[in-house]
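Notes follow once the structure below has been shown.
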Amino acid sequence: MAIAVLPSQRLGRFVEITAGGEIVRAFLPPPLPPNPPVDLLRLQERLSLAHLALGRLDGIAMLLPRPELFLYMYVRKEAVLSSQIEGTQSTLADLLRFEIRAHDGQPIDEIREVSNYVDAIMYGLDRLQHLPLSLRLIRELHERLLRNSRGEGKSPGEFRRSQNWIGGSRPGNALFVPPPLNELDSCLDALERFLHEEGSGLPVLVKAGLIHVQFETIHPFLDGNGRIGRLLVTLYLCARCVLHQPLLYLSLFLKTHRADYYRLLQEVRERGAWEEWLDFFLGGVAETADQAYRAAGRIVDLFRGDRERIRSGAESRRANSALRVHELFQCHPFLTAHFLVEQTGLSMPTVNSALSVLEEVGVVAEVTGRRRGRIFGYRDYLAILNEGTEPLPAAGSNVAKE
Ligand SMILES: Nc1ncnc2c1ncn2[C@@H]1O[C@H](COP(=O)(O)OP(=O)(O)OP(=O)(O)O)[C@@H](O)[C@H]1O
1 MAIAVLPSQR LGRFVEITAG GEIVRAFLPP PLPPNPPVDL LRLQERLSLA HLALGRLDGI
61 AMLLPRPELF LYMYVRKEAV LSSQIEGTQS TLADLLRFEI RAHDGQPIDE IREVSNYVDA
121 IMYGLDRLQH LPLSLRLIRE LHERLLRNSR GEGKSPGEFR RSQNWIGGSR PGNALFVPPP
181 LNELDSCLDA LERFLHEEGS GLPVLVKAGL IHVQFETIHP FLDGNGRIGR LLVTLYLCAR
241 CVLHQPLLYL SLFLKTHRAD YYRLLQEVRE RGAWEEWLDF FLGGVAETAD QAYRAAGRIV
301 DLFRGDRERI RSGAESRRAN SALRVHELFQ CHPFLTAHFL VEQTGLSMPT VNSALSVLEE
361 VGVVAEVTGR RRGRIFGYRD YLAILNEGTE PLPAAGSNVA KE
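Using full-length UniProt numbering, the first residue of the sequence shown is number 1, and each one after it goes up by one.
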């Protein structure tokens, strides 16, 4: 095996391997942190803006009447966006309707992929209560992400046992060939050590950016490396208590700037351009956190305003059950009367009367146009949650689709 060492220690080395019957140069990244060290002075302004924005976002959880409800929807939005990056057509509405088993006519595989992402991040958060962020947890997350879905045949939950490549139709004409199999474990072990180290004194946010690139460069799975790598950023920030809820989703930013994103990943490898990447990454964190903070504020206002409308729109007994139903709509923006009966313990006539109140005051609308199996949507809430994914169709247009 011939080894060519490149000049700077920030750059990795290439290892010649045989793949697909040809000799190709696989890339071996140096372990983190970068050496020479990251120029934090150059990133100072970006870093403090990103920290400010994240702090505001984390703080708004206190103002939300029930932060877990926002989180519930927010994670789902991230899932939709992440899946769209790889060409999945699922929308937030598809996902929500899938969850209430009202997905007639929708492409199940695509929706399942989104649903798996939600499951994986929620599972990861739960596991972080008991376990550190480890390679084992990353494999568990991967298994959940690919379960019964696209990529299912590509060893879910297992690090790769064959050589992969990025770009091109074969390793020989690839844009980049990740580390060879015999180096994979040592690359991953070094990454795991960096996940836990505290001696470098690097800000957690900077470390999150470094970890993301290193993970993508190692490309340890046969599929799903992008999705796991993005999920890792949010989980790492939660594990290091920079965020208390996973309210940061970078997917939209990375989707919007995909060409720059891929170019910068490449330039870290080719030129050791960590500062350029971190500048981009921290800008993305700030922009994304600001957007989420504003959305959370608008949701707080919406819920408050709608509670007022319900109270003044019906006499107190009907208003009380409508308020109870409204609470559930904050968690599940699409609901059926059956689900409401199950969840609230209210009788079917009471639930129906509550739904009428909500329809009368314009909070929810029936979206199927059917007599049986009616589904109600919390339209203004959906409109806010949907921003950046796709425009919410008017309530009536769903009827035509189904
Ligand atoms: N030149 C590159 N160098 C390193 N990583 C890259 C490069 N180009 C793309 N990537 C990473 O590879 C990911 C795609 O890998 P893979 O197909 O395994 O992941 P995925 O989760 O299935 O797809 P996606 O990221 O598109 O959702 C991209 O999201 C990006 O993070």
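By construction, the Cβ of each residue, glycine as well, lies at the ideal position given by its N, Cα and C atoms. Note that this is a predicted model, so its numbers are computed, not measured.
Residue i CB to nearest heavy atom of ligand 1 below 7 Å
{"i": "Glu216", "result": "yes"}
{"i": "Gly151", "result": "yes"}
{"i": "Gly369", "result": "no"}
{"i": "Gln163", "result": "no"}
{"i": "Tyr249", "result": "no"}
{"i": "Gln266", "result": "yes"}
{"i": "Leu32", "result": "no"}
{"i": "Leu175", "result": "yes"}
{"i": "Pro226", "result": "Per the sequence presented here, residue 226 reads as Gly, with Pro not at that position. Yes; taking the cut-off as 7 Å, the Cβ of Gly226 has a heavy atom of ligand 1 nearer than that."}
{"i": "Trp166", "result": "The sequence as given places Ile at residue 166; Trp does not occur at that position. The answer is yes for Ile166."}
{"i": "Asp119", "result": "no"}
{"i": "Gly124", "result": "no"}
{"i": "Tyr236", "result": "no"}
Burial state of residue i, where buried means 16 or more other Cβ atoms lie within 10 Å
{"i": "Cys238", "result": "buried"}
{"i": "Gln163", "result": "buried"}
{"i": "Asn148", "result": "exposed"}
{"i": "His244", "result": "exposed"}
{"i": "Asp380", "result": "buried"}
{"i": "Ser169", "result": "exposed"}
{"i": "Pro37", "result": "exposed"}
{"i": "Arg258", "result": "exposed"}
{"i": "Ile138", "result": "buried"}
{"i": "Thr18", "result": "exposed"}
{"i": "Ser155", "result": "buried"}
{"i": "Gln44", "result": "exposed"}
{"i": "Glu308", "result": "exposed"}
{"i": "Asp58", "result": "buried"}
{"i": "Gln330", "result": "buried"}
{"i": "Gln84", "result": "buried"}
{"i": "Leu92", "result": "buried"}
{"i": "Lys401", "result": "Confidence at Lys401 is low in this model, with a pLDDT of 29, below 50, so the placement of that residue should be treated as unreliable; the coordinate-derived value is given next. Exposed: under 16 other Cβ atoms inside 10 Å."}
{"i": "Leu385", "result": "buried"}
{"i": "Gly284", "result": "buried"}
{"i": "Ile23", "result": "exposed"}
{"i": "Glu216", "result": "buried"}
Test item: CB-CB of residue i and residue j under 8 Å
{"i": "Gly172", "j": "Gly272", "result": "no"}
{"i": "Ile218", "j": "Leu195", "result": "no"}
{"i": "Thr344", "j": "Leu358", "result": "no"}
{"i": "Ala337", "j": "Asn320", "result": "no"}
{"i": "Ala296", "j": "Leu248", "result": "no"}
{"i": "Gly224", "j": "Gly124", "result": "no"}
{"i": "Leu95", "j": "Pro333", "result": "no"}
{"i": "residue 423", "j": "Phe14", "result": "The structure shown has nothing for residue 423, since the chain only spans 1 to 402."}
{"i": "Leu145", "j": "Asn182", "result": "no"}
{"i": "residue 488", "j": "Arg25", "result": "The question about residue 488 has no answer here: the residues shown for the chain are numbered 1 through 402."}
{"i": "Phe221", "j": "His326", "result": "no"}
{"i": "Pro31", "j": "Ser200", "result": "no"}
Nearest candidate by alpha-carbon position, reference residue i, set the options
{"i": "residue 413", "options": "Val213, Leu222, Pro220, Ala292", "result": "For the chain, the structure presents residues 1 to 402; residue 413 sits outside this window and is missing."}
{"i": "Ser186", "options": "Glu287, Thr234, Pro29", "result": "Pro29"}
{"i": "Ile228", "options": "Leu205, Leu135, Pro179, Glu183", "result": "Leu135"}
{"i": "Leu252", "options": "Leu40, Gly59, Leu81", "result": "Leu81"}
{"i": "residue 440", "options": "Arg294, Gly153, Pro132, Glu387", "result": "The structure shown does not extend to residue 440, since the chain spans only 1 to 402, so no value can be given for it."}
{"i": "Gln266", "options": "Leu128, His130, Leu175, Val367", "result": "Leu175"}
{"i": "Thr256", "options": "Val364, Glu287, Thr234", "result": "Glu287"}
{"i": "Ala190", "options": "Gly201, Val204, Leu210", "result": "Leu210"}
{"i": "Leu52", "options": "His130, Arg42, Leu250, Val242", "result": "Val242"}
{"i": "Leu323", "options": "Arg294, Glu342, Ser356", "result": "Ser356"}
{"i": "Pro246", "options": "Gly373, Ser48, Val118, Asp301", "result": "Val118"}
{"i": "Ala208", "options": "Gly377, Ala383, Leu47", "result": "Leu47"}
{"i": "Ala365", "options": "Asp306, Leu32, Gly377", "result": "Gly377"}
Residue i at chain B interface by Cβ criterion, 8 Å
{"i": "Gly153", "result": "Among the protein chains of the structure shown there is no chain B, as only one such chain exists."}
Worksheet item: Can you list, in chain order, the stretches of the alpha helix (DSSP H) that have 4 or more residues and sit fully within the segment 149 to 208?
Response: DSSP runs (the alpha helix (DSSP H)) wholly in the segment 149 to 208: 181 to 196.
Item to complete: Only counting runs of 4 or more residues, tell me where the alpha helix (DSSP H) segments fall wholly within the segment 212 to 271, in order along the chain.
Response: DSSP runs (the alpha helix (DSSP H)) wholly in the segment 212 to 271: 225 to 239, 251 to 256, 258 to 271.
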